[in-house]
Every structure is written in C-alpha cells, then in structure tokens.
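K.L.:
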Amino acid sequence: MYFSDFEKYGRMLWEAGLIHMTSGNLSIRKGTTLYVTRTGSLLGRLSSSDIVPVNLSNTLRDSGASSETPVHRAIYRADPSVGAVVHAHPPHATALSWDTEMIAPVDSDSLYIPKIPVLADCPYGEGSACIAAHFPELLARHHVAMIRGHGAFAVGRDLKEAASRISMMENQCRLLFFRQVLEGRVGRG
C-alpha cells in the first residue's frame, strides 16, 4: 500500500550512509494506524513484508515491529501534524553528539536547521521509554534531534520530508566536523 515510499527512502538513507545493515527505522501515520519497519529489516533492501501495521493507541510492543515503535508512537501522539518519522545513524552527527547538548551548524542550511538538540540523559542502552518521554518535545521545536552517541530522529509531513531533514542534518554535521578538524579541535587526545 505505502511500500514504494518505504523502499525509496530506505534505499536513499542506505546509499547516503545514514544507516548501516539493520540500523534505523521508518514509519508513517495513516489515521490511527502506524506503518513501521520490521525489527531487523535492512532499510536499503526492504520487502513489503518488512512493513508492520500497528495501532497508535497500543502501549505494548508489537510483534515484529521495530523496537523503537514506542518512540514513534510518542512522537505521533504529541503532534498530529507529523505524518512520518525517520530514525537513522548519521556518522558525523553521532560523533558530534558525544560532547554537546546542542549542535550549532554554521553552514547556509542553518537557515532551515539552526540547532540540533542532543538528548544526553537517556543512554540508548536504557531503552526507548526514556527517549519516548523526552523526544516529542525536542522534535516539536526542532524537527530533528540526536540521542547522544546513538543516532537521530526526524519528523515530517511524509517520509520525503523526514528523510530530507536527516540528510541535511548529517551534511551540516559533516561540514562542522571538517571545520573542527581544520581548526585543530579534533584529534587532540
């Protein structure tokens, strides 16, 4: 039904190096149903069986759905205008997230994404309940946000907008990372 968008943007995230192997997940909302990628699926090579329908109001883990489904649900519940959520593992953004609570891009795209908040108080190993409790507020204000040392979530009207925000954020962080290398702020250890 909605498979072509999942396939298209999953492959684009994979080809751009924003996810690896079974990392990351995608979802869209249609009424009270979320369509979420299956846990362990390869986003770069999705099949239609990798898309799992789940109920927005359910509070239990859905069989087969991504382990991040509670985070997706919390985001959708907090903001009815969100139509899609992308979770990816952009390498430069993740590297920059280790040492700050707010990444401040310096390139021209900062007109669109001026700040990237970093959730530092919820180490990924503690599970998604902490992330689900804090991320909706960050995404309502910024549309993209990082989990320290883990990865990013982005929201949009559709998968195209959410994936574009992840891609733009990673490009901003790549440029910021290179700038820090040139200034000698990276690699001193």
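In terms of the numbering used here, the sequence shown is residues 359 to 547.
From the three backbone atoms N, C-alpha and C, an ideal C-beta is built for every residue, glycine too.
None of the values given here were measured: they were computed from a predicted structure.
(1) By alpha-carbon positions, which one of A432, N413, A521 and V539 ends up nearest to A491?
(2) Out of Y393, E495, M504 and R499, which one is the CA nearest neighbour of A478?
(3) Quick one, are the C-beta atoms of G427 and V412 less than 8 Å apart?
(4) Just list the alpha helix (DSSP H) runs in the region 437 to 513, keeping only unbroken ones of 4 residues or longer that don't cross its boundaries, in chain order.
(5) How about I471 and L371: are their beta carbons less than 8 Å apart?
(6) Quick one: residues in its chain with C-beta nearer than 8 Å to the C-beta of R396, no 5 flanking neighbours on either side, listed in chain order?
(7) For L400, collect the residues of the same chain with a Cβ closer than 7 Å to its Cβ; drop the 5 residues on either side in sequence, then sort them by chain order.
(8) Since A423 sits in a beta bridge, which residues does DSSP pair it with?
(9) Is it buried or exposed for S466, if we count other Cβ within 10 angstroms and need 16 for buried?
(10) Measure the C-alpha to C-alpha separation of E495 and L534 and round it to an integer number of angstroms.
(11) At what residues does the beta strand (DSSP E) containing V539 begin and finish?
(12) How is R387 classed by DSSP in three states: helix, strand or coil?
(13) Is A462 buried or exposed, if buried means 16 or more other CB atoms sit within 10 Å of its CB?
P.N.:
Once the coordinates are examined:
(1) A432
(2) M504
(3) In the sequence under discussion, the amino acid at residue 427 is Thr, which differs from the Gly named in the question. Yes, the pair counts as a contact, with Cβ atoms nearer than the cut-off.
(4) 449 to 454 and 486 to 500
(5) no
(6) S407, D408, I409, V410, G422, A423 and S424
(7) M379 and T380
(8) R396
(9) exposed
(10) 25 Å
(11) From DSSP, V539 is part of no beta strand (DSSP E) but of the alpha helix (DSSP H) over L517 to L540.
(12) strand
(13) exposed
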